[in-house]
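Taking it in order: structure first as structure tokens, then the write-up.
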Amino acid sequence: LLGNNQLSGTLPDSFSSLTNLQQLSADNNQLTGELPPSWHSLTSLQNLILNSNQLTGDMPESWATLTNLITLFLNENNLSGSLPDSWSSLSQLTSL
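Residues in the sequence shown are numbered consecutively from 22, following the working numbering.
Structure, rendered in structure tokens:
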């Protein structure tokens with residue numbers, strides 16, 4: 022749980038190697054940059070909480086592989102585009 026700190030910088034591609042990671046909460050920080058497409062390998066991820074940062078760009082189509090994802094909070098960022106059609110495979114997703 023990394024929320025409510027003053028973390029800055031981008032979301033590291035290197036996190037894609039954390040294949041057993043189930044929860045990442047880094048809300049209410051100063052994170053910038055785009056959502057890493059490489060995180061498609063985080064297939065154990067159930068909860069991803071990144072709201073209230075300064076993230077930009079589109080939502081990665083490659084994240085359709087995150088089939089264990091239950092909660093995805095990306096609100097209060099500067100994201101653009103629409104939800105990828107491929108995300109229809111995220112059948113466990115209950116909170117978006």
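Note that beta-carbon positions come from the ideal geometry of N, C-alpha and C, so glycine has one too.
Bear in mind the structure is a predicted one, so any value in this text is a computation, not a measurement.
Rounded to whole angstroms, how far is the Cβ of residue i from the Cβ of residue j, which I believe are closer than 8 Å?
i: L100; j: T77; result: 7 Å
i: L71; j: F94; result: 7 Å
Could you spell out where the beta strand (DSSP E) holding residue i opens and where it closes?
i: F94; result: 92-94
i: S29; result: 29-31
i: Q113; result: Premise fails: Q113 is in no beta strand (DSSP E) and is neither H nor E.
i: S46; result: 44-46
Please report the distance separating the alpha-carbon of residue i from that of residue j.
i: P105; j: L63; result: 18 Å
i: S59; j: T88; result: 15 Å
i: F36; j: Q51; result: 18 Å
i: N49; j: E82; result: 25 Å
i: S38; j: T92; result: 20 Å
i: L66; j: Q27; result: 24 Å
i: N25; j: N74; result: 10 Å
Whole beta strand (DSSP E) runs in the segment 54-84 with 3 or more residues, listed along the chain? 68-70, 75-78
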